[in-house]
Amino acid sequence: MNPHSDSLTPAGDGRNTLRMERRLAHPPAKVWSAITDPAHLGQWFPSEVAVELRPGGAITFTMPGVTGIAMTGTVTDAEEPRLFAFTWGEDHLRWEIAPDGDGSLLTLVHTFGDRFGGASFASGWHLCLTALSQLLDGAPTAVPRDTGELHEAYVEQFDLGQGAVEDTPDGPRIRFERQLVRPAEAVWAALSSGDEPVEGAPAPAGFTSREAPAGPVTEVRAPSVLAYRRGPEGTVRWELGRGTGHGARLVLVQTGPPGADADAALRAWHDRIEHLAARLLES
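According to full-length UniProt numbering, the sequence shown holds residues 1 to 283 in order.
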């Protein structure tokens, strides 16, 4: 299996398409059974599944060990043994099976809205597809969980660590959104390094960059929000919210000051956030 063949591309209307191809050393009929039979799905898919295997049929997803909570979807395609597709909440998953020599080529096309969750989806599906391959081979389906390295490799591969710049009347607005691999409490601890921020005092160094030195903290709600002034006309705001399974979702915004070098600020924050991400891998 070669994750480097995986891709994440815009699908229009604010949605994104994750495409993953895997060659499997088994005929399409056997792969079809493994991706549609609930007894087989339960051994590699991320949830337990009940399905009416027909277009328009209901499909229900239940997380193992969780009772009383289930997500539902609708089967959109069921063409044995080549195509199985369905909705899962607001997402759409399409599984295509094509003959490939004495085996099969399985293609997963996952369409979803949260672009910055793409690395989480890709790393999760990579592990699921590894387990599927092992199931087909008759081997145990247990695979080591991702401790963050696979997720971060997909962040780099899909170029999900970049920020954006918008011109505003108050100066450039620089925004980064980044899925992290540890919970908010761990991220906050890495940023503060024991120097807990206090409103009115200078922001701890971990929350600053070389282009945005420490100013007085204007808001602090550990472990989710820190904001400080960057000079008399600029602001920096860190938010750590709910992510896509791996950890916290970081949103960082610097606004102003007027005349600031936006490119330099963008590079400085990129370096700061990537240093943080690398440090979190070590924790």
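For every residue, glycine included, the Cβ atom is placed at its ideal position computed from N, Cα and C.
For clarity, every value in this text was computed on a predicted model and none was experimentally measured.
Grouping DSSP H, G and I as helix and E and B as strand, with all else coil, what is residue i?
| i | result |
| --- | --- |
| residue 245 | coil |
| residue 98 | strand |
| residue 107 | strand |
| residue 216 | strand |
| residue 238 | strand |
| residue 230 | coil |
| residue 1 | With a pLDDT of only 45 at residue 1, under the threshold of 50, the placement of this residue in the model should not be trusted, and no figure is reported. |
| residue 208 | coil |
| residue 86 | strand |
| residue 160 | coil |
| residue 179 | strand |
| residue 79 | strand |
| residue 31 | helix |
| residue 45 | coil |
| residue 50 | strand |
| residue 73 | strand |
| residue 92 | strand |
| residue 201 | coil |
Looking only at its chain, what residues have a beta carbon closer than 6 Å to the beta carbon of residue i, apart from the 5 residues adjacent to it on each side?
| i | result |
| --- | --- |
| residue 91 | 112 |
| residue 60 | 50, 70 and 72 |
| residue 191 | 206 and 207 |
| residue 7 | 19 |
| residue 115 | 16 |
| residue 155 | 119 and 161 |
| residue 252 | 176 and 238 |
Identify which residue in the options has its Cα closest to the Cα of residue i.
| i | options | result |
| --- | --- | --- |
| residue 125 | 201, 98 and 151 | 151 |
| residue 370 | 102, 242, 110 and 105 | What the structure shows of the chain is the stretch from 1 to 283, and residue 370 is not part of that stretch, so it cannot be assessed. |
| residue 235 | 172, 197 and 263 | 172 |
| residue 163 | 54, 46, 209 and 269 | 269 |
| residue 272 | 221, 229, 178 and 202 | 178 |
| residue 232 | 238, 214, 239 and 240 | 214 |
| residue 146 | 135, 138, 121 and 63 | 121 |
| residue 132 | 198, 174, 98 and 33 | 33 |
My understanding is that residue i touches residue j, with C-beta atoms under 8 Å, so please give their C-beta distance in whole angstroms.
| i | j | result |
| --- | --- | --- |
| residue 17 | residue 117 | So it is not a contact: roughly 13 Å between Cβ atoms. |
| residue 184 | residue 224 | 6 Å |
| residue 256 | residue 170 | 5 Å |
| residue 54 | residue 31 | Wrong, their Cβ atoms sit about 19 Å apart, outside the cutoff. |
| residue 141 | residue 43 | 5 Å |
| residue 46 | residue 128 | 6 Å |
| residue 226 | residue 203 | 7 Å |
CB-CB under 8 Å to residue i, same chain, minus the five flanking residues each way: which ones, in chain order?
| i | result |
| --- | --- |
| residue 200 | 216 and 217 |
| residue 280 | 148, 180, 181, 182, 186, 187, 190 and 247 |
Starting from the C-beta of residue i, find all residues in its chain whose C-beta is less than 7 Å away, skip the five residues before and the five after it, and write them out in chain order.
| i | result |
| --- | --- |
| residue 242 | 249 |
| residue 105 | 21, 23 and 98 |
query: Any chance the segment 38–45 sits against the segment 22–30, with 3 or more Cβ pairs inside 8 Å?
result: No: the two stretches stay apart, fewer than three of their Cβ pairs being nearer than 8 Å.
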